[in-house]
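Numbering (mature numbering (1 follows the signal peptide of the UniProt record, and there is no 0)), first residue to last: -21 to -1, 1 to 483.
Virtual Cβ for every residue (Gly too), placed ideally from N, Cα, C.
Quantities reported herein were computed from a predicted structural model and do not represent experimental measurements.
Single-structure report; data block below.
Here's what the structure looks like:
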């Protein structure tokens, strides 16, 4: 009798794993690596998660299920699977996971746009698309971009006179920061004690917190205790209080709308303050200073780093291939002629430059993992069941290097886009630096305008050489590990600028 009971117990213990396997197969969940208790698969993310996830996808497939702590996370690594998510099931997967620290902090503007298709979400989307980032509005900022690029060229010219290597990383971050500050704040921050560099540091820290991982988000019940012990909660409150102070100061000091005589001279705060004054409609869609701060934060997080990072990678790739550099310079100098500068009216004629930008965004998307989505209803991807409240990560970096879609995917070859209809505006899922669908970045036109204008002038005004004793093999293309949304070049790009003379 005792032996029979022992046999039954052993049989039951053997059946438990089988029951779990059968249950998993019943739901037909996507495959994924085994997980550890509590932390799930977080230990497999590595210092560069987009690269680690790409390697895992080679084993488990382009639709892969991981668990980050207790959060089921779907990782998408192919263009076809991305199309199913971002186009076929866009409405079912267009929510945003409201991160733990956005919930914990008292700033109600941090959850901007998380709930899809509420009246408020629709209003924000309309403001972004029609008021802030329309083609007409971006054209009204044209003089700002050109003035800041002129300032960049003048700064580099001083170094070229002494043949001192130019830190293009620092210069290009300064360029995009200045452009975005002027577009957003106008002149209200000048002469008011506004510390631009400190503001950009705080904005970067805020981004790291909002898109980074916290124990409170992924470890049920006790995660918040871990974060408090590590000081993350205190750091979050300090950073967002400081950021809030920056925004409020600029809003309070903003000149009256009476100074504006032409609509084209409005900056972003002018536009948003006007909306606050003139708004009508239900309370659900009302717009306040808190919402202005939310949009400003999104603009800075999305506008400063990605543009600079793209230009840095492009110049690094061209420096490694001088023949491509010369081809790009020949084009821009031929189109520009003896005008002495490249302005936005020339950009549409610079077809090879546009190919360089596309190829840079393919190999080096500034945000290699798109901002995560969250599912709001059940659907299928490649036959796998996807359930509500699942997080979705689109690995744009992996898709851009997928040999199923790209020949020689690790090589920088702008010519691959000759006679190609592939673009980065969200309709071609093999190239997704700005996302797609309802959550596509609304600032695509503004971002690419700044990048193309900056690169065109760098290529027109200067011949670029490597510092003495350095060869193209010494140019590191290693990525910088970090916890922010963007991934940049690990080492600064230093090149010697030799002033070009059109007369020569």
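- In the three-state reduction of the DSSP assignment, residue 284 falls in the helix class, which pools H, G and I.
- Taking a 10 Å sphere around the C-beta of residue 303, we find 16 or more other C-beta atoms and assign the residue as buried.
- Sequence-distant Cβ neighbours of residue 441 in its own chain, meaning closer than 7 Å and more than five residues away, are 135, 139, 476, 477, 478, 479.
- Residue nearest to residue 56 within the set 286, 272, 357, 38 is 38 (criterion: CA-CA distance).
- Burial of residue 289 is indicated by the presence of at least 16 other C-beta atoms within 10 angstroms of its C-beta.
- Rounded to the nearest angstrom, the gap between the Cα atoms of residue 58 and residue 408 is 5 Å.
- Counting C-beta pairs closer than 8 Å gives three or more between the stretch 426 to 434 and the stretch 330 to 341, which meets the contact rule.
- Contact check for residue 370 and residue 50: beta-carbon distance about 6 Å, within the 8 Å limit, so the pair qualifies.
- Here DSSP, grouped into helix, strand and coil, assigns residue 37 to helix.
- The criterion of a C-beta distance shorter than 8 Å is satisfied by residue 436 and residue 320.
- When C-alpha distances from residue 379 are compared across 446, 368, 344, the shortest belongs to 344.
- Here residue 328 is exposed, its C-beta having fewer than 16 other C-beta atoms within 10 Å.
- Counting only the Cα atoms, residue 100 lies some 20 Å from residue 405.
- A check of alpha carbon separations from residue 181 across 141, 474, 280 identifies 280 as the nearest.
- Nearest to residue 73 by alpha-carbon distance, out of 367, 452, 342, 451, is 367.
- Following the DSSP letters along the chain, one finds residue 23 in no alpha helix (DSSP H), marked with neither H nor E.
- Boundaries of the alpha helix (DSSP H) around residue 428: 423 to 440.
- Selection 179, 105, 70 evaluated against residue 276 yields 179 as nearest (Cα-Cα).
- Scanning its chain for C-beta atoms nearer than 6 Å, with the 5 sequence neighbours on each side dropped, one finds around residue 299 the residues 451, 454, in chain order.
- The Cβ atoms of residue 347 and residue 374 lie closer than 8 Å to each other.
- A Cβ-Cβ distance of about 4 Å is found for the pair residue 68 and residue 358, placing them in contact under the 8 Å criterion.
- By the neighbour-count criterion, in which a residue is buried when 16 or more other Cβ atoms sit within 10 angstroms of its Cβ, residue 157 is buried.
- Leaving aside the five residues that flank residue 108 on each side, the residues in its chain whose CB is nearer than 7 Å to its CB run, in chain order, 421.
- The beta-carbon separation of residue 155 and residue 286, rounded to 4 Å, stays under the 8 Å limit for a contact.
- In this structure, DSSP gives residue 99 a helical state, which the three-state scheme calls helix.
- When the alpha-carbon of residue 332 is set against those of 397, 226, 317, 353, the nearest one is in 397.
- Going by DSSP, residue 52 is part of the beta strand (DSSP E) stretching over 50 to 55.
- In the structure shown, residue 372 falls within a strand segment according to DSSP collapsed to helix, strand and coil.
- Residue 42 and residue 306 have their C-alpha atoms roughly 40 Å apart.
- For residue 331, the enclosing alpha helix (DSSP H) stretches over residues 330 to 342.
- Listed as beta-bridge partners of residue 385 by DSSP are no residues whatsoever.
- Following the DSSP letters along the chain, one finds residue 43 inside the beta strand (DSSP E) bounded by residues 42 to 47.
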